[in-house]
Amino acid sequence: MDIPLLFEDSFKVNKADNSRFERVSRLTCSSQAYAETSLLLDVNTDIYPVSEGQTIQVAISDKVTSKGAKDQQALESENPGETLMSQYDYVMFGKIFKLDEKENKMSVFASFGGLLMCLTGEIRDLDRLTLDARVYILIKKTGEILS
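In terms of our numbering, the sequence shown opens at residue 50 and continues consecutively.
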């Protein structure tokens, strides 16, 4: 299955802060591939526990099927094994609500049902992420806990 991604990178989880909410951690992550890219992401730790030092693969896409089904009814009619979601452990659907550009850097803010993301990096790496876009964020653990 060849579904184009809007963004993909591997991140090291530097901090998992659950001091504000019992079941949600705010992950502070640094990119493994791009020195200037960082990620802040809220994750429901009841469903998907993540620890400091783990490495996660993060992808952002505007569709998860090769046919481009974007709504829930169309997605349910797909064969579950044929979606991009089957390749990841944790998937959220949300909306990009703010873009902040300063010099050659851009911050992309998205909400996934109230769980927030801030992805910051160079504009050339994030330019396919657009304001008001409906997107999926797909995550899987790729490595052991690193110190």
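In this text, a Cβ means the ideal position worked out from N, Cα and C, and glycines have one as well.
All values reported here derive from a predicted model rather than from experimental measurement.
Scanning the stretch 115-193 for uninterrupted beta strand (DSSP E) segments of 3 residues or longer gives 139-151, 154-161, 164-171 and 183-192, listed from N- to C-terminal end. The closest CA to that of Arg75, considering only Gly170, Val184 and Asp66, is found on Asp66. DSSP, read as helix, strand or coil, puts Val99 in coil.
One alpha carbon belongs to Lys112, the other to Met134, and they sit about 10 Å apart.
Following the DSSP letters along the chain, one finds Ile109 inside the beta strand (DSSP E) bounded by residues Thr104 to Ser110.
The straight-line gap separating the alpha-carbon atoms of Asp149 and Ile52 is approximately 27 Å. Its chain contains Val62, Ala65, Ser74, Leu76, Val92, Ile105 and Lys190 as the residues whose beta carbon lies nearer than 8 Å to that of Val99, once the 5 sequence neighbours on both sides are disregarded; these appear in chain order. Listed as beta-bridge partners of Thr77 by DSSP are Lys64 and Leu89.
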